[in-house]
Amino acid sequence: MPEIWIGLDVAARRRNWWWTAVSTLLFAGMAVATQATATTGRWWWAGVVGAVWLASLFYMINRGYGRILLARDRMQFFTFVTRRSISWSEITKIEPRRHQTRGGAWWEVRVHRVRGRSLTIPGIFTSHRRDEVFERNLAVVREYWARATALD
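Each step along the sequence shown adds one to the number in our numbering, with nothing skipped, and position 151 is 166.
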């Protein structure tokens with residue numbers, strides 16, 4: 016089996032940057048509003064909003080640039096700051112996971128391991144129901160997993 020990279024395409028990465036910019040504007044507005052309405056002892060509210068914004072910004076950039084490399088014997092996760100490799104034999108289940116918020120829903124793919132916590136696969140997520148690219152990427156990951164475990 017040849018190695019294959021899976022990650023966001025240019026249009027999806029552009030959408031991710033768009034939502035990052037919208038989030039930044041919202042947090043900037045909250046920081047200004049908390050600072051404008053704060054009394055003398057409440058200056059730290061703007062710092063709390065800034066800290067939450069930084070965490071949100073990091074998450075969105077990390078999510079947008081994450082990708083995986085599927086190889087014959089393992090899958091490798093590449094994100095903005097981390098690298099991780101998981102052997103196919105360590106995986107017990109690969110499933111899509113739905114998250115629901117007030118603003119809508121989004122789906123991501125989780126890898127369940129024999130030991131340890133489950134991990135989100137970087138570079139495979141969507142906010143659209145029945146997204147063809149998401150379903151195709153999920154099928155490719157499952158196919159590599161099935162072929163690798165059949166060889167063992």
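Built from N, CA and C at the ideal position, the CB exists for glycine as well.
- Remark: C-beta atoms of V126 and I136 approach each other more closely than 8 Å.
- Residue environment for I106: buried (at least 16 other C-beta atoms within 10 angstroms of its C-beta).
- Straight across, the Cα-Cα distance linking S142 with E110 is about 16 Å.
- Less than 8 Å separates the beta-carbon of N31 from that of R78.
- In the three-state DSSP reduction, G62 falls in the helix class (H, G or I).
- Ranked by Cα distance from D24, the options F149, Y159, R157 and A154 are led by F149.
- In this structure, the CA atom of E158 is about 47 Å from the CA atom of A46.
- F140: member of the beta strand (DSSP E) spanning L134 to T141, first to last residue.
- Looking from the CA of G22, the closest CA among R145, V124, A165 and S133 belongs to V124.
- Inter-residue distance for T116 and R98 is about 29 Å (C-alpha atoms, whole angstroms).
- Shown here, T35 sits in a helix according to DSSP, grouped into three states.
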